[in-house]
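Colleague: Encoded as structure tokens, here's the structure I'll be asking about.
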Ligand SMILES: [Zn+2]
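Residue numbers (the working numbering): 1 to 170.
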């Protein structure tokens with residue numbers, strides 16, 4: 001089992017840079033607005049938690065939002081963009097551009113420890129974690145490569161017998 005301390009050492013450079021972009025941003029209120037926008041398929045994770053929200057900046061009088069989808073062609077991306085526009089519109093901000101950056105590709109390593117804990121609490125095993133999110137047992141097996149969505153696999157616990165989704169490691 002990988003300890004929390006060990007994971008912190010393994011934060012990829014892209015994720016460190018993403019966190020720095022937010023920490024150094026002159027527009028913290030814009031970032032805070034989008035903390036209310038969650039993954040359409042995993043409502044406990046914000047786009048920030050997920051690592052999809054890469055940057056928010058003002059370019060002239062417009063707001064430029066940069067996203068990296070969890071995988072190219074992810075069907076949730078259209079909904080994410082609509083939700084971002086709706087959230088800004090509620091705050092009276094309508095001059096919004098959203099661009100996708102596909103490189104470097106999103107990695108499940110960009111999920112924070114907090115995001116992994118939220119996933120487990122929601123009943124989804126985080127990437128690389130084969131323990132049952134319901135009872136914590138390691139006595140589990142994978143049932144199918146695809147769960148409720150393409151980015152999740154279906155597993156079953158051999159102790160509590162409950163099925164569960166695992167967010168795939170990418
Ligand atoms: Zn279980």
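Glycine included, every Cβ here is placed at the ideal spot set by N, Cα and C. None of the values given here were measured: they were computed from a predicted structure.
Quick one: what's got a C-beta closer than 7 angstroms to residue 61's C-beta in the same chain, skipping five residues either side?
Modeller: By 1-based counting over the chain shown, the position of residue 61 is 61. Contacts found: 95.
Colleague: Note down, in chain order, each residue of its chain lying with its Cβ closer than 6 angstroms to the Cβ of residue 77, except the 5 sequence neighbours on either side.
Modeller: One-based indexing of the chain shown puts residue 77 at position 77. If we look at residue 77 and ignore the five residues flanking it on each side, its Cβ neighbours are 69.
Colleague: So, helix, strand or coil for residue 131, using DSSP?
Modeller: Along the chain shown, one-based indexing puts residue 131 at 131. In the structure shown, residue 131 sits in coil (DSSP, three-state: anything other than H, G, I, E or B).
Colleague: I'd like to check one pair, residue 49 with residue 111: are the Cβ atoms closer than 9 angstroms?
Modeller: Here residue 111 corresponds to residue number 111 of the chain shown, with the count starting at 1. Here residue 49 corresponds to residue number 49 of the chain shown, with the count starting at 1. For residue 111 and residue 49, yes; Cβs fall inside 9 angstroms.
Colleague: Is residue 15 helix, strand or coil when you go by DSSP?
Modeller: Locating residue 15 in the chain shown gives position 15, where the first residue counts as 1. DSSP places residue 15 in helix when its eight states are reduced to three.
Colleague: Give a yes or no on contact between the stretch 127-136 and the stretch 33-51, applying the rule of three or more CB pairs nearer than 8 angstroms.
Modeller: No, they do not touch.
Colleague: Alpha carbons only, please: which of 117, 109 and 26 is nearest the one belonging to residue 45?
Modeller: Numbered from its first residue, the chain shown carries residue 45 at position 45. Of the candidates 117, 109 and 26, the one whose C-alpha sits nearest the C-alpha of residue 45 is 117.
Colleague: Just reading off the alpha helix (DSSP H) that residue 99 is part of, what are its end residues?
Modeller: Looking up residue 99 in the chain shown gives position 99. Boundaries around residue 99 are those of the beta strand (DSSP E), 96-100, since no alpha helix (DSSP H) includes it.
Colleague: Please confirm if the stretch 86-93 is in contact with the stretch 121-133, defined as three or more CB-CB distances below 8 angstroms between the two stretches.
Modeller: no
Colleague: Give me the Cα-Cα distance between residue 82 and residue 58, rounded to the nearest whole angstrom.
Modeller: Locating residue 82 in the chain shown gives position 82, counting from the first residue. Locating residue 58 in the chain shown gives position 58, counting from the first residue. Each residue's Cα considered, the two are about 19 angstroms apart.
Colleague: Is residue 108 helix, strand or coil when you go by DSSP?
Modeller: What you label residue 108 is simply residue 108 of the chain shown in a count that begins at 1. Here residue 108 sits in helix by DSSP.
Colleague: For residue 23, collect the residues of the same chain with a Cβ closer than 7 angstroms to its Cβ; drop the 5 residues on either side in sequence, then sort them by chain order.
Modeller: The residue given as residue 23 occupies position 23 in the chain shown. So no residue of the chain qualifies.
Colleague: Could you give the residue range of the alpha helix (DSSP H) that holds residue 78?
Modeller: Residue mapping note: residue 78 aligns to position 78 of the chain shown, counting from 1. Taken as a continuous stretch (DSSP letters only), the alpha helix (DSSP H) holding residue 78 covers 76-90.
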